[in-house]
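J.: The structure's right below; bear with me while I get my questions together.
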Amino acid sequence: MKTSIQWRLGLILLSVVVALALFLPSTPAGDRLPEWWKGNVSKIALGLDLRGGSHLVMQVETDKAVEASLDNIAADLQTTAASQKLEGVTFARSGQTIVAKFPEAMEDQVADFVKKTYAVLEYKSRAKGEMTYAPKAQWANGIKEDSVRQAKERTERRINKFGVAEPNVYKQGVDQLVIQLPGIKNPQEAISFIKTAGRLEFKLVDTESDLGKALAGKVPEGREILYGEGVGESGKINRQPYLLYSQTLLTGDRLKEAKVGIDEYGKPSVSITFDADGAKIFERITGENVGRQLAIVLDGVVHSAPRIKDRISGGSAQITGNFTHDEAARLAIVLRESLPAPMKIVQNVTIGPSLGQDSINKGVHAALVGGLVVVVFMVVYYGLSGLIADYAIVLNLVLLLGAMAVLNATLTLPGIAGIILTIGMGVDSNVLMFERIREEIRAGKPPRPAVDSGYDKAFLTILDSHVTTLITAAMLFMFGTGPIKGFAVSLSLGIIINLYSALVGTKVIFDIINTKWKLEKLSI
Amino acid sequence: MLQILHKTNIDFMGWKNVSFAVSAVMIALGLFALVQVGRGKANLGIDFVGGTTVQLSFKDRLPIDEARAVLDKAGFQGSTLQEFTEGNKILIRLREHEGVADKVVALFRQAFPGRPFEVDSTTEIGPTIGSDLQWDALRAIIFSIIAIIIYIAFRFEFKFGVAAAVATVHDVCAVLAVFYLMNKEINLLIVTALLTLAGYSLTDTVVVFDRIRENLKRAKREPLPQLVNASINEVLSRTIITSLTVVLVLVPLVMFGGEVLHDFSLALLFGVIVGTYSSIFVASPLLVAWHVRTGGQLIRKK
Numbered sequence: 001m002k003t004s005i006q007w008r009l010g011l012i013l014l015s016v017v018v019a020l021a022l023f024l025p026s027t028p029a030g031d032r033l034p035e036w037w038k039g040n041v042s043k044i045a046l047g048l049d050l051r052g053g054s055h056l057v058m059q060v061e062t063d064k065a066v067e068a069s070l071d072n073i074a075a076d077l078q079t080t081a082a083s084q085k086l087e088g089v090t091f092a093r094s095g096q097t098i099v100a101k102f103p104e105a106m107e108d109q110v111a112d113f114v115k116k117t118y119a120v121l122e123y124k125s126r127a128k129g130e131m132t133y134a135p136k137a138q139w140a141n142g143i144k145e146d147s148v149r150q151a152k153e154r155t156e157r158r159i160n161k162f163g164v165a166e167p168n169v170y171k172q173g174v175d176q177l178v179i180q181l182p183g184i185k186n187p188q189e190a191i192s193f194i195k196t197a198g199r200l201e202f203k204l205v206d207t208e209s210d211l212g213k214a215l216a217g218k219v220p221e222g223r224e225i226l227y228g229e230g231v232g233e234s235g236k237i238n239r240q241p242y243l244l245y246s247q248t249l250l251t252g253d254r255l256k257e258a259k260v261g262i263d264e265y266g267k268p269s270v271s272i273t274f275d276a277d278g279a280k281i282f283e284r285i286t287g288e289n290v291g292r293q294l295a296i297v298l299d300g301v302v303h304s305a306p307r308i309k310d311r312i313s314g315g316s317a318q319i320t321g322n323f324t325h326d327e328a329a330r331l332a333i334v335l336r337e338s339l340p341a342p343m344k345i346v347q348n349v350t351i352g353p354s355l356g357q358d359s360i361n362k363g364v365h366a367a368l369v370g371g372l373v374v375v376v377f378m379v380v381y382y383g384l385s386g387l388i389a390d391y392a393i394v395l396n397l398v399l400l401l402g403a404m405a406v407l408n409a410t411l412t413l414p415g416i417a418g419i420i421l422t423i424g425m426g427v428d429s430n431v432l433m434f435e436r437i438r439e440e441i442r443a444g445k446p447p448r449p450a451v452d453s454g455y456d457k458a459f460l461t462i463l464d465s466h467v468t469t470l471i472t473a474a475m476l477f478m479f480g481t482g483p484i485k486g487f488a489v490s491l492s493l494g495i496i497i498n499l500y501s502a503l504v505g506t507k508v509i510f511d512i513i514n515t516k517w518k519l520e521k522l523s524i
Numbered sequence: 001m002l003q004i005l006h007k008t009n010i011d012f013m014g015w016k017n018v019s020f021a022v023s024a025v026m027i028a029l030g031l032f033a034l035v036q037v038g039r040g041k042a043n044l045g046i047d048f049v050g051g052t053t054v055q056l057s058f059k060d061r062l063p064i065d066e067a068r069a070v071l072d073k074a075g076f077q078g079s080t081l082q083e084f085t086e087g088n089k090i091l092i093r094l095r096e097h098e099g100v101a102d103k104v105v106a107l108f109r110q111a112f113p114g115r116p117f118e119v120d121s122t123t124e125i126g127p128t129i130g131s132d133l134q135w136d137a138l139r140a141i142i143f144s145i146i147a148i149i150i151y152i153a154f155r156f157e158f159k160f161g162v163a164a165a166v167a168t169v170h171d172v173c174a175v176l177a178v179f180y181l182m183n184k185e186i187n188l189l190i191v192t193a194l195l196t197l198a199g200y201s202l203t204d205t206v207v208v209f210d211r212i213r214e215n216l217k218r219a220k221r222e223p224l225p226q227l228v229n230a231s232i233n234e235v236l237s238r239t240i241i242t243s244l245t246v247v248l249v250l251v252p253l254v255m256f257g258g259e260v261l262h263d264f265s266l267a268l269l270f271g272v273i274v275g276t277y278s279s280i281f282v283a284s285p286l287l288v289a290w291h292v293r294t295g296g297q298l299i300r301k302k
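Structure below.
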């Protein structure tokens, strides 16, 4: 045997062994393999459409995060203005802007004050006794990015807490999060668990106004009624109304840590820590409102309304009360896992586990039938050479599965279709070569030169036809999502491997046959 | 040696006027379907327009009229139902998209306590996602066609590239037209099939073009229509067999692949057949027609 044949044969054998080693652990037989083998090989992951589960796309409402930050700024401007003796000036947020109202003569003074206090605010427009400021776009974008990042981190934490195996959370576009929960049996529970994590706000309780009157419909201006929900001893849900000042004093995005601790009397408590800005704001709030109640509001529900005992500086506080340890732990979770920006579900695809298994079975069934028909057809039409094409089909499949395993690719239902399609397309290269070889034989060439020139002449045609298919597969990969991407992956890999097995894999068999036996006639 | 076709000498160019007329109608229908898709008048999947689908798999068959009556009574407007007899499945489509799936499932559990079912899948898609996906799909198709023209023009010549692209657009249009006329749902998976066949239908075109190029180099004197015709005849059997092997795997996929892959593989199946037709009756005659009309040199390269 010539060395070039030995080299190519070795290369093919090596690639087959590597491919088998890579994908066998992913097959049903994989469980029986020794640990050193299956433990060191990454598996072909099944897509959600095959193993069942939920694919969620959440839109992070980043505008609300900006609004909450503007609330904080407006509040701070208000108090700082008071401390600098700017009488009669008010600051309030309106949409995505802050509006300052003042006695007309103070315009220059106010403009100067805002400029010095908050550099992120830009003057936008003015009217009589009124100036409107908008935040700089860069700052607003920063807040938005932060809110998406925080939403992602907290969603991850929350999903982990819920106990989903192999969840996947990633950012898509500017303000969307994709959440994949494979194999989940109770998607609705999971979704509501993720959803309830929401906006944490601190608001003052108004104990001076009459709660009864407010409940009757006469809510004083600048106040709102929110309810606290708790489960009473009898198991009945208690809804307790609170009359709160509407203004958000502080939001959850300033929170750094919240955990269960023990207070000085040995009772369970929740200790919270704010970041540097949050600590300053918290110190100011507590300093100004000693003796009043500060409500902790998550997604519009009051979870606790502890009384402010003293001015709290340094950014660490303790919430004490008549907690059981469980209640304290729950409050800590609420605080810790609050999301700074609310999200809404814009896409929710949930596949039941039985449908996934059903799809796999049907896909495998169709693949077996299709594959068998092609295998038989090739032998009937091309004789013994057809067997070489059939060997190429098997080589294609083994290498394709091996490549998918090493790339950690996800197999989806359209991906199965892609694999089946490459069985049909894979023999194309062989058909093109065989037809060319037939042509050469008809022209009177003996088998060996006929095979060689057939391969040579068909090469460019095969390359061109593969590249055009590869172009569209690449576009599908770039623009597709989820299952479509899975299809693009298996199709592109299939095309590349087809080229390899046609040009290297089958040629070497012809060469071996031609050197071992001096063929008079080729069965093609 | 088994052969489907022995040496043929069919006058494909003689059919040029007929085939151009047929193809023009196909392209026109396809473009009309595309406009209807753009206007939202076609049967668009919820992944493009937003909405909800719920697929339920009943233990025993539930008459679809009963299911419809329950939905109507509960006030779900504009719901469409589809029945898959295999596995007693019912697919419900609704326009609303927030939290509706749960309500539908609960409604069926309540309305048919004696008929146990499993929830195969639920899908809720907001309208913004839908328009994003529509835009992505359109871009993928446009970029693919541009990339194909560039590649073929680079490997052959510019006119070949344009002729191949016209044939590709023709194939995509024809399948889209058929799906539109059959009132099949056009969703992301169908667009994927359209893109795949855009790439694959070129295989046959490339095979024919390759032979035309080869013959152009060899026989410089032969009149172009005869040369193109001879080239098509020479490669006719492989054009047909390469498509046939793909058809052989697609037919089982249409038959046994399950409801998700059925329309997808059907689109591919149509596409492969139309693609074979177009490489013979659209792409190659275009080369002849263009050359004759402009009187230019078809191949400059040696």
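One line per chain: the protein sequences are F and L, in this order. For the first sequence, the numbering used here begins at 1 and goes up steadily by one. For the second sequence, the numbering used here begins at 1 and goes up steadily by one. Note that the Cβ used here is the ideal one computed from N, Cα and C, for glycine as well.
Cα-Cα, which of L202/L, F158/L, D132/L, I212/L is closest to G173/F?
T.: In the first sequence, residue 173/F corresponds to position 173, counting from 1. Measuring from the Cα of G173/F, the nearest candidate turns out to be D132/L.
J.: Taking the straight line between their C-alpha atoms, what separation do you get for K440/F and I232/L?
T.: In the first sequence, counting from the first residue as 1, residue 440/F sits at position 440. In the second sequence, counting from the first residue as 1, residue 232/L sits at position 232. For the sequence presented, residue 440/F should be read as Glu rather than Lys. Spanning the two alpha carbons is a distance of roughly 18 Å.
J.: Can you check which of these residues, L204/F, D76/F, G261/F, L421/F, is closest to S304/F by C-alpha distance?
T.: Here residue 304/F refers to the residue found at position 304 of the first sequence. Cα-wise, what sits closest to S304/F is L204/F.
J.: Quick one: grab the DSSP three-state call for V226/L.
T.: As a position in the second sequence, residue 226/L is number 226, starting the count at 1. At residue 226/L the sequence reads Gln, which differs from the Val that was named. The answer is helix: DSSP assigns Q226/L an H, G or I state.
J.: Report the CB separation of N514/F from P447/F in whole angstroms; it is logged as a contact under 8 Å.
T.: Here the question's residue 514/F lines up with position 514 in the first sequence. Here the question's residue 447/F lines up with position 447 in the first sequence. Indeed, because the Cβ distance is near 7 Å, the residues count as touching under 8 Å.
J.: May I ask which residues mark the beginning and end of the alpha helix (DSSP H) holding F154/L?
T.: Residue 154/L sits at position 154 when you count from the first residue of the second sequence. F154/L -> alpha helix (DSSP H) spans 127 to 155.
J.: By a C-beta neighbour count over all protein chains shown, 10 Å radius and 16 as the cutoff for buried, is N396/F buried or exposed?
T.: Looking up residue 396/F in the first sequence gives position 396. Buried: at least 16 other Cβ atoms inside 10 Å.
J.: Quick check on DSSP: helix, strand or coil for S429/F?
T.: As a first step, residue 429/F must be located in the first sequence, where it is residue number 429. DSSP places S429/F in helix when its eight states are reduced to three.
J.: At a Cβ threshold of 9 Å, is V166/L touching chain F?
T.: To locate residue 166/L, count along the second sequence from 1; it is residue 166. No, V166/L lies away from the interface with chain F (no Cβ there is under 9 Å from its Cβ).
J.: Under 9 Å between C-beta atoms, does E130/F make it to chain L?
T.: As a first step, residue 130/F is located in the first sequence; it is residue number 130 there, counting from the start. Not closer than 9 Å to any Cβ of chain L, the Cβ of E130/F fails to qualify, so no.
J.: Would you list, in sequence order, the uninterrupted beta strand (DSSP E) runs of no fewer than 3 residues that lie entirely inside the stretch 338 to 410 of chain F?
T.: You should have 343 to 351.
J.: What are the residues in the stretch 139 to 158 of chain L lying within 7 Å of chain F by C-beta distance?
T.: Those would be R139, A140, F143, S144, A147, I148, Y151, R155, in chain order.
J.: If you follow the alpha helix (DSSP H) that Q78/F is in, where does it begin and where does it stop?
T.: As a first step, residue 78/F is located in the first sequence; it is residue number 78 there, counting from the start. Element bounds for Q78/F: 62 to 83.
J.: If the criterion is Cβ atoms closer than 9 Å, does the pair T122/F and A100/F meet it?
T.: Taking the first sequence and counting its residues from 1, the one referred to as residue 122/F is at position 122. Taking the first sequence and counting its residues from 1, the one referred to as residue 100/F is at position 100. In the sequence as presented, Thr is not what sits at residue 122/F; that position holds Glu. No, the pair does not count as a contact, with Cβ atoms beyond the cut-off.
J.: For M478/F, report the span of its beta strand (DSSP E) as first-last.
T.: By one-based count along the first sequence, residue 478/F stands at place 478. M478/F -> not in any beta strand (DSSP E); alpha helix (DSSP H) instead, spanning 447 to 479.
J.: Just to confirm, are L250/F and F202/F a CB contact at a threshold of 9 Å?
T.: Here the question's residue 250/F lines up with position 250 in the first sequence. Here the question's residue 202/F lines up with position 202 in the first sequence. Against a cut-off of 9 Å, the Cβ pair of F202/F and L250/F comes out as a contact.
J.: Within the present structure, is the beta-carbon of R93/L separated from the nearest heavy atom of the ligand SAH by less than 8 Å?
T.: With respect to the ligand SAH, the structure offers nothing, as it holds no ligand at all.
J.: Determine the burial state of V148/F: buried for a count of at least 16 other Cβ atoms within 10 Å of its Cβ, exposed for fewer.
T.: Counted from its first residue, the first sequence places residue 148/F at position 148. With 16 or more Cβ atoms within 10 Å of its Cβ, V148/F is classed as buried.
J.: If the criterion is Cβ atoms closer than 9 Å, does the pair I27/L and V54/L meet it?
T.: The residue labelled residue 27/L in the question sits at position 27 within the second sequence. The residue labelled residue 54/L in the question sits at position 54 within the second sequence. The answer is no: Cβ separation not under 9 Å.
J.: Taking 6 Å as the limit between beta carbons, can you name the residues of its chain near G356/F, skipping five residues before and five after?
T.: The count along the first sequence starts at 1 and reaches residue 356/F at position 356. The residues are L50, R51, G52.
J.: Suppose only complete runs of 3+ residues qualify. What are the beta strand (DSSP E) ranges in the stretch 246 to 314 of chain F, listed by chain order?
T.: Whole beta strand (DSSP E) segments, 3+ residues: 255 to 262, 268 to 274, 294 to 298, 301 to 304.
J.: Find the nearest neighbour of Q138/F within the set G287/F, M58/F, V66/F, G278/F, judged by alpha-carbon distance.
T.: Working through the first sequence from its first residue, we reach residue 138/F at position 138. Q138/F has its Cα closest to that of V66/F, out of G287/F, M58/F, V66/F, G278/F.
J.: Thinking G505/F and I5/F are a contact (beta carbons under 8 Å), I'd like their distance in whole angstroms, please.
T.: Numbered from its first residue, the first sequence carries residue 505/F at position 505. Numbered from its first residue, the first sequence carries residue 5/F at position 5. About 13 Å; that fails the 8 Å criterion.
J.: Given this structure, state the Cα-to-Cα distance separating K516/F from D428/F, to the nearest angstrom.
T.: The residue given as residue 516/F occupies position 516 in the first sequence. The residue given as residue 428/F occupies position 428 in the first sequence. Between K516/F and D428/F, the C-alpha separation is close to 27 Å.
J.: Measure from the C-beta of I352/L to each C-beta in chain F and report whether the shortest distance is under 9 Å.
T.: What the structure shows of chain L is the stretch from 1 to 302, and residue 352/L is not part of that stretch, so it cannot be assessed.
J.: Apply the 10 Å Cβ neighbour rule to L384/F and answer buried if 16 or more other Cβ atoms are within range, or exposed otherwise.
T.: If you number the first sequence from 1, residue 384/F lands on position 384. Exposed, since its Cβ has fewer than 16 Cβ neighbours within 10 Å.
J.: Along chain F, in chain order, which residues have C-beta atoms closer than 7 Å to that of L188/L?
T.: Here the question's residue 188/L lines up with position 188 in the second sequence. What L188/L touches in chain F: I484.
J.: Any idea what DSSP makes of H170/L, helix, strand or coil?
T.: Indexing the second sequence from 1 puts residue 170/L at position 170. Helix.
J.: Closer than 7 Å by C-beta to Q82/L: which residues in its own chain qualify, once you throw out the five before and the five after it? Chain order, please.
T.: Taking the second sequence and counting its residues from 1, one reaches residue 82/L at position 82. The residues are L91.
J.: Would you kindly work out how many angstroms separate the C-alpha atoms of G486/F and L470/F, rounded to a whole number?
T.: Working through the first sequence from its first residue, we reach residue 486/F at position 486. Working through the first sequence from its first residue, we reach residue 470/F at position 470. If you take the alpha carbons of G486/F and L470/F, they lie about 14 Å apart.
J.: So is A502/F buried or exposed if we call it buried at 16+ other beta carbons inside 10 Å?
T.: Here the question's residue 502/F lines up with position 502 in the first sequence. Answer is buried; the Cβ neighbour count reaches 16.
J.: Can you check which of these residues, V162/L, K184/L, T203/L, is closest to L44/L by C-alpha distance?
T.: Counted from its first residue, the second sequence places residue 44/L at position 44. Closest option to L44/L, Cα to Cα, is K184/L.
J.: Can you pull the chain F neighbours of V228/L, defined as C-beta to C-beta under 9 Å?
T.: Taking the first residue of the second sequence as position 1, residue 228/L is located at position 228. Here the premise fails: no neighbours, minimum Cβ distance about 17 Å.
J.: Strictly below 8 Å CB to CB, what residues from chain F border S121/L?
T.: For the purposes of this step, residue 121/L is identified with residue 121 of the second sequence, where counting begins at 1. The contacting residues are V349, T350, I351, G352, L355.
J.: Using three-state DSSP, classify A42/L as helix, strand or coil.
T.: For the purposes of this step, residue 42/L is taken as the residue at position 42 of the second sequence. A42/L falls in the coil class under three-state DSSP.
J.: What does DSSP give as the partner residue(s) for M131/F in the beta ladder?
T.: The count along the first sequence starts at 1 and reaches residue 131/F at position 131. Paired residues: A100/F, R126/F.
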